[in-house]
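Colleague:
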Amino acid sequence: MSAPRDHHEPDPKRHHVWVSAVLACVLLGCGVFGSQAAARSIARNNSDHSREALQMSSVEVASTLRLAIKREEDLAVSAAGFLHVNPSPTSVQFVAWADTVQAMARYPELLGWGEIVMVTTAQLPAYLAADAADPSGVASRSFELVPPGDRPLYCLLRVSQSRHPGAARVPAGFDYCAATEGTRLLAARDSGRSSYVVATAGTEKGVAVQVPIYGGGFRPTTVEARRAAFIGWVGLAFDPKVLLDLALRDRPNTAVTLRFHDSISETAFNSGLAPKGSQSVIRDLDNAWTLETFAVVAHKGVLDDRGALSVLLIGVLASVILAALVLVLGTSRATALRLVGERTGELRHQALHDALTGLPNRFLIMDRIDQLLTRNRRNNTIGAALYIDLDDFKNVNDRLGHETGDRLLVAVAARLTSALRDADTIGRMGGDEFVVLIDGSAFKASPELVAERLLDVMRQPFDLDDTSSPLSVNTSIGIAIGDRAAGGDLLRDADVALYQAKAAGKNRYEIFHPEMQTEISRRIELEFDLRSAVDKQQLRLVYQPIYNLDDLSLVAVEALLRWDHPTLGLIEPDEFIPILEQSGQIQEVGRWVLNEACHRMAVWHSKGDTLDISVNVSGRQLDHDHIVDHIREALESSGLDPATLIIEVTETALMRDAAHTAVRLKAVKELGVRIAVDDFGTGYSSLAYLQQFPVDCLKIDRRFTSAITTSPESKALMRTLVQLGRDLGLKTLAEGVETASEMDHLRDEQVNEAQGFLLSRPLEPQVLEEQILLPGRANSVVPLA
1 MSAPRDHHEP
11 DPKRHHVWVS
21 AVLACVLLGC
31 GVFGSQAAAR
41 SIARNNSDHS
51 REALQMSSVE
61 VASTLRLAIK
71 REEDLAVSAA
81 GFLHVNPSPT
91 SVQFVAWADT
101 VQAMARYPEL
111 LGWGEIVMVT
121 TAQLPAYLAA
131 DAADPSGVAS
141 RSFELVPPGD
151 RPLYCLLRVS
161 QSRHPGAARV
171 PAGFDYCAAT
181 EGTRLLAARD
191 SGRSSYVVAT
201 AGTEKGVAVQ
211 VPIYGGGFRP
221 TTVEARRAAF
231 IGWVGLAFDP
241 KVLLDLALRD
251 RPNTAVTLRF
261 HDSISETAFN
271 SGLAPKGSQS
281 VIRDLDNAWT
291 LETFAVVAHK
301 GVLDDRGALS
311 VLLIGVLASV
321 ILAALVLVLG
331 TSRATALRLV
341 GERTGELRHQ
351 ALHDALTGLP
361 NRFLIMDRID
371 QLLTRNRRNN
381 TIGAALYIDL
391 DDFKNVNDRL
401 GHETGDRLLV
411 AVAARLTSAL
421 RDADTIGRMG
431 GDEFVVLIDG
441 SAFKASPELV
451 AERLLDVMRQ
461 PFDLDDTSSP
471 LSVNTSIGIA
481 IGDRAAGGDL
491 LRDADVALYQ
501 AKAAGKNRYE
511 IFHPEMQTEI
521 SRRIELEFDL
531 RSAVDKQQLR
541 LVYQPIYNLD
551 DLSLVAVEAL
561 LRWDHPTLGL
571 IEPDEFIPIL
581 EQSGQIQEVG
591 RWVLNEACHR
601 MAVWHSKGDT
611 LDISVNVSGR
621 QLDHDHIVDH
631 IREALESSGL
641 DPATLIIEVT
651 ETALMRDAAH
661 TAVRLKAVKE
671 LGVRIAVDDF
681 GTGYSSLAYL
691 QQFPVDCLKI
701 DRRFTSAITT
711 SPESKALMRT
721 LVQLGRDLGL
731 KTLAEGVETA
741 SEMDHLRDEQ
751 VNEAQGFLLS
761 RPLEPQVLEE
771 QILLPGRANS
781 VVPLA
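Residue numbers (this note's numbering): 1 to 785.
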């Protein structure tokens, strides 16, 4: 029998319960406080993203409008060139020329345009007589000076074109120099710069641009010289609202106001409906233009933000459960504390890490970027952000399923992490996008070297359990280096550089520089114009001859794509073909190239020629089974012998998806078509992989050709490539032959065929036809260009 306990001695069980209760309360309070802090952080981040989106939208719309306004001046300069060559055109001639440049079609905002000339009192009868001889001139309407009166000189419209001929028009004798804008016109004449003024004609309100024209086609350097050489003005009236509507086409819940303001006039043009509670950003577009962009910027509190509210509720619920668990466990304090710690750590990790890869998620990465910038400012060091994206990852999900895609993402995350130092931070932004942060205080390798290391490890194929063959993944990286006002700015610049890396051919890295914004604007304009390039017959093919090296007889031609842009002139293929591939338009254009090349060669064959024709096919075309149908369609519609068609595929394109590409090329081969590997020697294919494809010819890259006379290594590699072709029973063709010495070396190495500027530049079809159809040309050498 135990002795009775003194009533002053504390009860250990009660003490443990009391301690557990206090611990539960503390835990509950800390959990609620932590949940509120996390929820507020998420709500704040969402608001920051919303503000960044408004800023980015404003920048993009402003860039679009700057280009559009500049295009108006470019159109005026084109008209000035016409008027310089045709100093006294009739309205019929001017309208006919305007139709050839498709002014009204290509510039939907254009209301009307024409030429304004200065006429002295003495010249007025001659002006009216010349105009009377023009059936569509201003004298065909009732001519009366507006405002009336005698003046030393008049500024009158000589020729014009209007989008709406039936709409209200400026009177035939309207004197622009006597109107409000007269001072501007004369100032533009003396300065040589364009002037802007708000214009109203009937119910139409727009902006008029006047561009001075001078004899000789250039602007003289002094005021006196400009007055002496002055011819007149090209005047354009355009509707800015059309430009605004186009700029907002893909931007719902956004509105803009374009204002023109100077000492003479002020007006505003609006597009879009500003949502309730919108904020705005104002940007200066130069030339008295400003743009105000409106959009809702989220200022949500925790209760208004669904994601933040979810975190708060889950956190509070978890805290209550954990507190209750502590009370239930009672005296098992150690166990309770361990469970609390584990559960709290789990919740914290889940809130800030990606569920699939375990890497930091967007919320944590944005916080780490802010910390990175703060730390680098304090230590006077320079950090960097690398934005990483897997090229064409959507194809993996489409072909192999999302489960395989998820396994590939996990493998990619592990491989990227293995290539980084402990001081670097890697996170997943979502989808197939990753971000790497490099702390400036820990720089032992430049961001460029880190990017190269990441590209190197990603070049190795991924061997997943549920795939029949290893998967090759191309990776593009954008790099932003240095300080920024906010973490979002650094990430945005890295994203712009990533966009540039993809545009430059993918599987590479680019470093951000401010000029990239201009390059992206040009790329957007080219992408827009490419949509109608085929329909407007702006694309054409030229043909580069291919020669047998033994006797220099012409054996084939390669079809090469060219784009004659109506205002920018000839656009190089290296610039516009990557745009076609990234936008997916390469499918339509590639199909057109196949049909055009086959029909052209079929015509030449019908006239007695027997040349082969080579046509390039991009990797994007090989991603789909449609390529087989397109080749079959081109052969059947043209009647071309399939044995004379050669399809060229780059070595890199072959290795994008070797298994599926091999199946499609075998189907092409069954049509009777031959297949050549272009740019051979620059990719990563091995002999084992090359044997998978039904190849007939290896086209050795021009880099090896150009170095064969100066580099023993290149000469040895050329010999190896030729021997590889011989071992596989394949013909070899050297590209880029530019010197006689290179051709002699190629003969020594027993290369079968060659093409290049030494032999012939790409020829227009008419020029080539004159050569290949010369009487008695068969089996003879075509004169080298």
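Beta carbons are placed, not taken as given, at the ideal position from N, Cα and C, and that holds for glycine. This one's a predicted model, so the numbers in the text were calculated from it and none came from an experiment.
#1: Is the segment 159-166 touching the segment 99-117, taking contact as three or more C-beta pairs under 8 Å?
#2: Could you compute how far the alpha carbon of Glu181 sits from the alpha carbon of Thr257?
#3: For Ile700 versus Glu735, is the C-beta distance shorter than 8 Å?
#4: State the start and end residues of the unbroken alpha helix (DSSP H) segment that holds Leu364.
#5: Please go through the segment 218-297 and give each complete beta strand (DSSP E) segment of 3 or more residues, from N-terminal end onward.
#6: I believe Ile586 touches Gln537 by the beta-carbon criterion, under 8 Å. Please report the beta-carbon distance rounded to the nearest angstrom.
#7: At 3 residues or longer, and completely inside the segment 531-581: list those beta strand (DSSP E) runs for me, N to C.
#8: Between which two residues does the beta strand (DSSP E) carrying Ser476 extend?
#9: Cα separation between Leu420 and Ala411?
#10: Just to confirm, are Glu558 and Tyr543 a CB contact at a threshold of 8 Å?
#11: Evaluate the contact criterion for the segment 264-275 versus the segment 97-109: three or more CB pairs, one atom per stretch, below 8 Å.
#12: If you scan the segment 145-211 from start to end, which runs of the alpha helix (DSSP H) of 4 or more residues do you find wholly inside it?
#13: In terms of alpha-carbon separation, which member of Asp535, Val457, Val435, Gly505 lies closest to Asp392?
#14: If contact is defined by three or more beta carbon pairs under 8 Å, each pair taking one atom from either stretch, is the segment 633-653 in contact with the segment 593-602?
#15: Apart from the five residues on each side of it in sequence, which residues of its chain come closer than 8 Å, Cβ to Cβ, to Ser706?
#16: From what residue to what residue does the beta strand (DSSP E) around Thr120 run?
#17: Short check: CB of Pro545 to CB of Leu759, under 8 Å?
#18: Only counting the same chain, and skipping five residues up and downstream in sequence, which positions put a Cβ closer than 6 Å to that of Ser191?
#19: Out of Arg375, Ile282, Ala255, Lys502, which has the shortest C-alpha to C-alpha gap to Ala486?
#20: Shortest alpha-carbon distance to Arg151 belongs to which of Thr121, Asp134, Arg184?
#21: What is the C-beta distance between Leu491 and Gly427, in whole angstroms, given that I count them as a contact (C-beta under 8 Å)?
#22: Look at the alpha carbon of Val396 and the alpha carbon of Asp389, and state the distance between them as a whole number of angstroms.
#23: I need the straight-line Cα distance from His84 to Arg522, nearest angstrom please.
#24: Does the Cβ-Cβ distance between Tyr812 and Ile479 come in under 8 Å?
#25: According to DSSP, Lys731 sits in a beta bridge with which residue or residues?
#26: In the DSSP assignment, the beta strand (DSSP E) including Glu769 goes from what residue to what residue?
#27: Decide if the segment 641-652 is in contact with the segment 675-682; the criterion is three or more beta carbon pairs, one per stretch, under 8 Å apart.
#28: Is the distance from the Cβ of Leu795 to the Cβ of Leu530 below 8 Å?
#29: Answer yes if the segment 237-256 comes into contact with the segment 205-224, meaning at least three C-beta pairs across the two stretches below 8 Å, and no otherwise.
#30: When the distance is taken between beta carbons, is Val95 closer than 8 Å to Val211?
#31: Can the beta-carbon of Pro642 be found closer than 8 Å to that of Gly608?
#32: Compute the distance between the beta-carbons of Leu373 and Arg484, then report whether it is under 8 Å.
#33: Going by C-alpha to C-alpha distance, which of Ser468, Val436, Glu519 sits closest to Thr404?
#34: Report the residue ranges of all alpha helix (DSSP H) runs contained in full by the segment 46-96; include only those spanning at least 4 residues, in chain order.
#35: Any idea if Ala414 is buried or exposed, counting beta-carbon neighbours within 10 angstroms, 16 or more meaning buried?
Modeller: So, from the listed chains and residues:
#1: yes
#2: Start at 1 with the first residue of the sequence shown, and residue 181 comes out as number 181. Start at 1 with the first residue of the sequence shown, and residue 257 comes out as number 257. So the alpha carbons of these two residues sit roughly 24 Å apart.
#3: To locate residue 700, count along the sequence shown from 1; it is residue 700. To locate residue 735, count along the sequence shown from 1; it is residue 735. Yes, the Cβ-Cβ distance between Ile700 and Glu735 is below 8 Å.
#4: The sequence position of residue 364 within the sequence shown is 364, counting from 1. Start and end: 362-379.
#5: 230-238, 254-261, 266-271, 278-286, 289-296
#6: Start at 1 with the first residue of the sequence shown, and residue 586 comes out as number 586. Start at 1 with the first residue of the sequence shown, and residue 537 comes out as number 537. That belief does not hold up - the Cβ atoms of Ile586 and Gln537 are roughly 18 Å apart, past 8 Å.
#7: 539-548, 554-565, 569-571
#8: Sequence index remark: in the sequence shown, residue 476 carries index 476 (1-based). Its beta strand (DSSP E) spans residues 475-481.
#9: As a position in the sequence shown, residue 420 is number 420, starting the count at 1. As a position in the sequence shown, residue 411 is number 411, starting the count at 1. Taking the straight line from one Cα to the other gives about 15 Å.
#10: Within the sequence shown, the letter at position 558 stands for residue 558. Within the sequence shown, the letter at position 543 stands for residue 543. In this structure, Tyr543 lies closer than 8 Å to Glu558 by Cβ.
#11: no
#12: 182-191
#13: Translated into the one-based positions of the sequence shown, residue 392 becomes position 392. Of the candidates Asp535, Val457, Val435, Gly505, the one whose C-alpha sits nearest the C-alpha of Asp392 is Gly505.
#14: yes
#15: Along the sequence shown, one-based indexing puts residue 706 at 706. Excluding sequence neighbours, Ser706 sits near Gly736, Glu738, Glu742.
#16: The residue labelled residue 120 in the question sits at position 120 within the sequence shown. Start and end: 110-120.
#17: As a working mapping, residue 545 is identified with position 545 in the sequence shown. As a working mapping, residue 759 is identified with position 759 in the sequence shown. It is a contact, given that the beta carbons lie within the stated cut-off.
#18: Position 191 of the sequence shown holds residue 191. So no residue of the chain qualifies.
#19: If you number the sequence shown from 1, residue 486 lands on position 486. The shortest C-alpha separation from Ala486 is found at Arg375.
#20: Your numbering for residue 151 matches position 151 in the sequence shown. When each option's Cα is compared against that of Arg151, the closest is Thr121.
#21: On the sequence shown, position 491 is the one that residue 491 refers to. On the sequence shown, position 427 is the one that residue 427 refers to. Actually they do not touch by this definition, with Cβ atoms about 11 Å apart.
#22: In the sequence shown, counting from the first residue as 1, residue 396 sits at position 396. In the sequence shown, counting from the first residue as 1, residue 389 sits at position 389. The straight-line gap from Cα to Cα measures roughly 14 Å.
#23: For the purposes of this step, residue 84 is taken as the residue at position 84 of the sequence shown. For the purposes of this step, residue 522 is taken as the residue at position 522 of the sequence shown. Looking at the two C-alpha atoms, the distance is approximately 28 Å.
#24: Nothing can be reported for residue 812, as the shown portion of the chain is limited to 1 through 785.
#25: As a position in the sequence shown, residue 731 is number 731, starting the count at 1. According to DSSP, which records beta bridges pairwise, Lys731 is partnered with Cys697.
#26: To locate residue 769, count along the sequence shown from 1; it is residue 769. Taken as a continuous stretch (DSSP letters only), Glu769 belongs to no beta strand (DSSP E), being part of the alpha helix (DSSP H) at 765-772.
#27: yes
#28: Shown here, the chain extends from 1 to 785; a query on residue 795 therefore has no answer.
#29: yes
#30: Translated into positions along the sequence shown, residue 211 becomes position 211. Translated into positions along the sequence shown, residue 95 becomes position 95. Taking 8 Å as the Cβ cut-off, Val211 and Val95 do not qualify as a contacting pair.
#31: Counting from one through the sequence shown, the residue named residue 642 turns up at place 642. Counting from one through the sequence shown, the residue named residue 608 turns up at place 608. Contact flag unset, no.
#32: The sequence position of residue 373 within the sequence shown is 373, counting from 1. The sequence position of residue 484 within the sequence shown is 484, counting from 1. Contact flag set, yes.
#33: Translated into the one-based positions of the sequence shown, residue 404 becomes position 404. If we check each option's Cα against that of Thr404, Ser468 comes out closest.
#34: none
#35: Locating residue 414 in the sequence shown gives position 414, counting from the first residue. Classification for Ala414: exposed.
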